[in-house]
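Chemist: Position one of the sequence shown corresponds to residue 679 (my numbering), numbered consecutively onward.
Where a beta carbon is used, it is the ideal one built from N, C-alpha and C, also for glycine.
Computed from a predicted model, the values in this text were never measured in an experiment.
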Amino acid sequence: MKTFILAGGLGTRLSEETILRPKPMVEIGGHPMLWHIMSIYAHHGFEEFAVALGYKGEMIKDYFLRFHTMQSDLTIDLSSGTSSLHDGVHPHWKIHLMDTGHETQTGGRVKRLGRILEADRTFMLTYGDGVANVNIRTLLDFHRSHGKLATVTAVRPPARFGGLVMDGDQVVSFAEKPQMGEGWINGGFFVLDRRVLDYIDGDEMPFESRPMERLTQEGQLMAFRHDGFWQPMDTLREKGYLEDLWASGRAPWKVWA
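Set out below in structure tokens:
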């Protein structure tokens, strides 16, 4: 099963870092946020990714092109000009790096990634700037149990994120970034049926607006409640918080060995 990761936005709220690199390439503990997110999914057995590139996407391509070399010891014979790699630890990941445009909205990026689904009926989707200790296997089991088209992971941080009102596990109201509110909000970590792509009209459509609203109105959006750790990286303060957790050895999202 493929996991889509949105990594093409400008990251304006973290401009101190993103003026130089895309937000998913901002490092926590010496590793890009994108690597942390992939490591969460890979721990649960999901190792094929499609990354939606946009702003400074060439930096993400360069990182993965050089990944094998940079994660290995290297022996160079200057007399012959040959080199060899050894003693590296390399994940068994397959990564599709796909240009989805600089100005494309989140829905448009998802729609563009959809062309690689082939026979896949279900795929996962998340944002490239947040980590959590979500049990991805349990999330997928929940999605398969209810038979609806879409599952969003519901979390409980600040009210500046998209608010969810639920009846049991069914989402009955979705409001992106309300001015005031409390309770459950959109934490990403979606599981989606490929038919959700039909709810997206084009590049200009944010996934969090009309597509999510329509799924809600039609009773096709369910919420997987996650009471554990979830943290976005939108500001320098949030980046510092994640760095401190990693440095202390208490990073809750580090579920892998």
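When you compare the CB positions of GLY766 and GLN749, do they come within less than 8 Å of one another, or not?
Modeler: Contact: yes.
Chemist: If we ignore side chains and look at the alpha-carbon of each, how far apart do LEU743 and LEU775 end up?
Modeler: 11 Å
Chemist: Thinking just about the alpha-carbon of each residue, which of ASP845, THR681, ARG872, ARG915 is nearest to the one in GLN895?
Modeler: ASP845
Chemist: I'd like the list of long-range same chain contacts for LEU698, defined as Cβ closer than 7 Å, with 5 residues on each side in sequence excluded.
Modeler: In its own chain, leaving out the 5 sequence neighbours on each side, no residue places its CB closer than 7 Å to the CB of LEU698.
Chemist: If we ignore side chains and look at the alpha-carbon of each, how far apart do HIS714 and LYS932 end up?
Modeler: 8 Å
Chemist: Across the segment 800-812 and the segment 717-737, are there enough close Cβ pairs to call them in contact, namely three or more that are closer than 8 Å?
Modeler: yes
Chemist: Keeping to the same chain, check which residues put their C-beta closer than 6 Å to that of HIS821; ignore five residues upstream and five downstream.
Modeler: THR829, VAL869
Chemist: Out of PRO835, MET711, GLY880, GLN783, which has the shortest C-alpha to C-alpha gap to GLY861?
Modeler: PRO835
Chemist: Is the segment 869-887 touching the segment 792-803 in the sense that three or more CB pairs, one from each, lie closer than 8 Å?
Modeler: yes
Chemist: Tell me the DSSP bridge mates of TYR805?
Modeler: LEU684
Chemist: Can you grab the Cα-Cα spacing for the pair ILE683 / SER757, in whole Å?
Modeler: Straight-line Cα distance between these residues: approximately 44 Å.
Chemist: Going by DSSP in three states, LEU923 sits in which element: helix, strand or coil?
Modeler: Of the three classes helix, strand and coil, the one that applies to LEU923 here is helix, per DSSP.
Chemist: May I ask which residues mark the beginning and end of the beta strand (DSSP E) holding PHE868?
Modeler: 868-871
Chemist: If you draw a straight line from the C-alpha of GLY859 to the C-alpha of TRP771, how long is it?
Modeler: Model confidence at GLY859 stands at a pLDDT of 47, short of 50, so the residue's coordinates are unreliable; what they give is reported in the following sentence. Straight-line Cα distance between these residues: approximately 39 Å.
Chemist: Output needed for LYS789: all residues of its chain with C-beta closer than 7 Å, excluding positions within five of it in sequence on either side, in chain order.
Modeler: LEU875, ILE878
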